Every structure is written in C-alpha cells, then in structure tokens.
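Residue numbers for the sequence shown follow the working numbering, so the first one is 77 and each next one is one higher. Okay, so here's the structure we're looking at.
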Amino acid sequence: MTQPTAQSIEDITQKALVELAGFETTEQLDQWRVTYLGRRGELTTILRGLSQLDLNDRRLIGALGNQAKTTLEESLASRTQGMSETRLARAASEERIDVTLPGRPIVTGGLHPTTQIIREICGAFAGMGFSVIEGPEVEWDHYNFEMLNIPSGHPARDMWNTLWVDYRDEQGQQPMLLRTHTSPMQARVMESMEPPVRVIVPGKCYRYEATDATHEWHFYQVEGLAVDEGITFADLKGTLFEFAKRMFGDERKVRFRCDYFPFVEPGVDMSIDCFACQGDGQGCRICRDSGWIEIMGAGMVHPKVLAGVGYDTEKYTGFAFGLGPERIAMLKYGIDDIRHFYTNDLRFLRQF
Ligand code: DAH
77 MTQPTAQSIE
87 DITQKALVEL
97 AGFETTEQLD
107 QWRVTYLGRR
117 GELTTILRGL
127 SQLDLNDRRL
137 IGALGNQAKT
147 TLEESLASRT
157 QGMSETRLAR
167 AASEERIDVT
177 LPGRPIVTGG
187 LHPTTQIIRE
197 ICGAFAGMGF
207 SVIEGPEVEW
217 DHYNFEMLNI
227 PSGHPARDMW
237 NTLWVDYRDE
247 QGQQPMLLRT
257 HTSPMQARVM
267 ESMEPPVRVI
277 VPGKCYRYEA
287 TDATHEWHFY
297 QVEGLAVDEG
307 ITFADLKGTL
317 FEFAKRMFGD
327 ERKVRFRCDY
337 FPFVEPGVDM
347 SIDCFACQGD
357 GQGCRICRDS
367 GWIEIMGAGM
377 VHPKVLAGVG
387 YDTEKYTGFA
397 FGLGPERIAM
407 LKYGIDDIRH
417 FYTNDLRFLR
427 QF
C-alpha cells in the first residue's frame, strides 16, 4: 500500500473536482461518488494508508485527508442540487411544463355504506361480548333448512325463495343452494363449540326474488346467537334494546310482537319507535304513519335446534336474531330504494 502524501491527496481532489464540473446526469454523479468516496474509492484507499505513517505525519496528512473528503462531499451535494434545478428550468422552458400548477388530487376511496353499517352493527354487539365470525355463502340444504327445524316438504320453506345450485347427489337430490339467510351459521357454530356461545355473523344472502324498492335478490344479513345456562327472554330483550339505543339513539323505545320463524320459540319481530317522528306517526314517511319501525326477527332458540347439534336442552337455552343491514342503513339515512346499494352510482356512494 502506498503511503499518502499531501501531494497525492491534492492530486486526487483536483482530478475529482474537474470531473465533477463536467457532468450532466445524476447517473454520472452516482458513479463519481463510488469512484472517489465509496468504500473502495480512490480517496478512501489513500486514507487507509495513514496507518503506515509516523504519528506526526499521520496527524497532518489525516487532517488534509478529512478536509479533502468534506470538500468532495460538499461539491457533490451542490452539484446534485444544481442539476435538479437545471432540469426543472429546462423542463419549464423546453417542455412547457408549468411547475407552479398544483398537483393532481389523489382520489381516495371510501367504505361502502353497507360495509360501514355492518361494522357499526358488529361494533355494537362486540361491545356486549359477541365475537364476529363469517360463514359460507354456498350452503347445504342441511344447514340452511334441516338443522333449523325446517324439514323438506314443510310449508315454512316457502318463506325463503331459494336459489338452488345446479348440482345433484347420488340420490338425485339438489342439496346445495345459495344461503337464503345467515341463520345456517347457528348450527355450524354450535357444532364447533360448547356453550357459552355469543356470536354475530354478518354476510351475504340470496333469494330468488323480483327486485323492487325494498327487495333485492342479494343482500346482507347479520345473525346473532347466544346460548348458555339460564338465558331467558329477558336477556334477549335487554341485549336487543341496548343495541337499538346504540344504533338509533338513547331515547329509543322497543316493541316486541309475536312472529313465526321455525327455528325459534317463541318468535318475535322487534320494532323501535320511529326516530324521525318520535313515534308520532302522523304523515311520517319513514314509519309510514305507524310510529313504529320493524328492524329484526328474533326469538328463543328452538329446543329442536339445540338438540340437533347435540346440546343438552335441559341445561342450555339461548336467543337468536337476524337483521338486514341495508334496511337499517335505509332507515338511518333515509334511503328510499334498496337497489341504490348495488348500482355503484358514485353520486349515491359519495354521500357516505
Ligand atoms: N333468518 C330469518 C330470515 O331470514 C331472520 C331471523 C328471524 C333470524 C328470527 C333469527 C331469528 O335468528 O331468531 O327471515
């Protein structure tokens, strides 16, 4: 290794600065940095030889070396800046780019109103100790109907206009369908665990139905299920009342009326007093003059459903409920046609 001298440092510095002055591109600058200042660069190599000098020389030459290094680094920085300014100026004059124009705005997306409302619903129940899970949209007759106390041939099947999948098993049966509700997850969840069960299941459902302002052939549902020792109708009422207040305001009242769903007994439909007219009803568009708005079906889980998954019906009871998030969003935001949720019209979507 050659010993560094004041002369060799000066030579390299001069050579480097002359080269630098002649450059036109940033690639050249990069290459130059590697050549002189890189780990195996010329200046670096020279400085590595310092160790061979005696102490006095080492101090002197070392200082010169460091000075040279700073000079080269500063020259590189100012050349880099100068080059980008030149480039902008050239672009401005030759290519007629107006660099003073504001940038193009970045278009940010947003969450679909249905997604937002589903998150809000799940959030309300999560706060009461429910876990959120999802299930398959293509389902077996077994889960969609049989396990929910709806045997084949039972007239209750008419409550769900079903889209069957074009598939036949060995017996010539058509056992596969697009789920008509999220309720099949009740049986799937209970089969997979022992009580206590507290779940909420959001998901897409499908029905063979003509569409109009309040009907879609595909839509979302949110199912809920709680099973444990000693659960009563009071738990159902308390939980759903609390949910109604969280979604629609603290001053809400609720009303339960008898209704029929094969998988619950007793079954109810739950309404809230109209938040638009405060339950008055007179000329109200939202509640159609009634003062009440139906928001979901619910009930105590039928013993046959519990027995079907092998639960001890003497020990366990539970409640279940199902609601339509699009309907909740329609009520909450005064949307008059469910089809808006699926036409992807940005004028509609941008409002949320
Ligand atoms: N699955 C029912 C439907 O689609 C809604 C429903 C009603 C779900 C009552 C429930 C329930 O869990 O208890 O019409």
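All residues carry an ideal CB built from backbone N, CA and C; glycine is no exception. Just so we're clear, the structure is a prediction, and the values are computed from it rather than from any experiment.
Beta-bridge partners of residue i, as assigned by DSSP
i, result
"alanine 374", "Val344 and Phe397"
"glycine 279", "Gln297"
"valine 273", "Val303"
"methionine 252", "Trp216"
"arginine 333", "Asp345"
"tryptophan 368", "Asp349"
"valine 265", "The partner list for valine 265 (beta bridge, DSSP) is empty, contrary to what the question assumes."
"tyrosine 392", "Glu305"
Alpha-carbon spacing of residue i relative to residue j, whole angstroms
i, j, result
"threonine 101", "methionine 159", "8 Å"
"methionine 252", "valine 303", "28 Å"
"aspartate 242", "glutamine 250", "7 Å"
"serine 154", "glycine 98", "14 Å"
"valine 385", "alanine 396", "15 Å"
"histidine 416", "methionine 323", "21 Å"
"glycine 117", "tryptophan 108", "9 Å"
"glycine 355", "aspartate 349", "5 Å"
"methionine 346", "methionine 266", "24 Å"
"threonine 121", "leucine 105", "19 Å"
"leucine 129", "isoleucine 85", "15 Å"
"leucine 422", "threonine 184", "13 Å"
"glycine 375", "valine 340", "5 Å"
"lysine 321", "threonine 315", "10 Å"
"leucine 425", "threonine 162", "45 Å"
"alanine 139", "valine 94", "22 Å"
"leucine 164", "threonine 147", "26 Å"
"glutamine 358", "serine 228", "44 Å"
"histidine 378", "aspartate 245", "29 Å"
"isoleucine 197", "proline 178", "41 Å"
"glutamate 390", "valine 275", "22 Å"
"alanine 405", "glycine 373", "17 Å"
"threonine 156", "glutamate 150", "10 Å"
"arginine 264", "tyrosine 219", "7 Å"
"proline 338", "alanine 352", "33 Å"
"proline 80", "isoleucine 173", "50 Å"
DSSP state of residue i mapped onto helix, strand, coil
i, result
"arginine 155", "helix"
"leucine 129", "coil"
"histidine 416", "helix"
"tryptophan 240", "strand"
"valine 39", "Because residue 39 is not part of the residues shown, which for the chain are 77 to 428, the question remains open."
"aspartate 288", "strand"
"valine 385", "coil"
"serine 207", "strand"
"isoleucine 404", "helix"
"serine 84", "helix"
"isoleucine 197", "helix"
"leucine 187", "coil"
"glutamine 192", "helix"
"aspartate 311", "helix"
"phenylalanine 428", "coil"
Residue of the options minimising C-alpha distance to residue i
i, options, result
"leucine 489", "Leu113, Asp412 and Gln83", "Residue 489 cannot be examined here, being either before or after the span of the chain that is shown, 77 to 428."
"glycine 205", "Gly359, Leu93 and Leu301", "Leu301"
"alanine 310", "Asp326, Thr287, Pro342 and Phe424", "Pro342"
"glutamate 215", "Thr419, Thr238, Ile209 and Ala352", "Thr238"
"tryptophan 368", "Ala374, Asn132, Leu407 and Gly394", "Leu407"
"arginine 255", "Val273, Glu270, Glu213 and Ala232", "Glu213"
"glutamate 318", "Ile182, Ala200, Ala168 and Lys145", "Ala200"
"tyrosine 387", "Glu270, Asp421, Gly325 and Lys329", "Glu270"
"lysine 35", "Cys360, Lys329 and Arg115", "Lying outside 77 to 428, the shown extent of the chain, residue 35 is not represented and no answer is given."
"proline 272", "Leu164, Trp240 and Gly306", "Gly306"
"alanine 286", "His294, Glu196 and Val377", "His294"
"leucine 113", "Lys145, Gly394, Asp234 and Thr191", "Lys145"
"aspartate 234", "Gly279, Gln192 and Tyr284", "Tyr284"
"methionine 289", "Ile414, Ser151, Leu119 and Ser127", "It is alanine, not methionine, that sits at residue 289 in the sequence shown. If we check each option's Cα against that of alanine 289, Ile414 comes out closest."
"threonine 419", "Pro338, Ser169, Thr190 and Arg172", "Thr190"
"threonine 393", "Cys281, Arg331 and Val381", "Val381"
"tyrosine 336", "Arg364, Ile226, Ile209 and His291", "Ile226"
Classification of residue i by the beta-carbon crowding that lies within 10 angstroms, buried from 16 upward
i, result
"tryptophan 236", "buried"
"threonine 176", "exposed"
"leucine 399", "buried"
"glutamate 327", "exposed"
"threonine 258", "buried"
"glutamine 297", "buried"
"aspartate 412", "exposed"
"asparagine 142", "exposed"
"isoleucine 371", "buried"
"arginine 166", "exposed"
"cysteine 334", "exposed"
"glutamine 247", "exposed"
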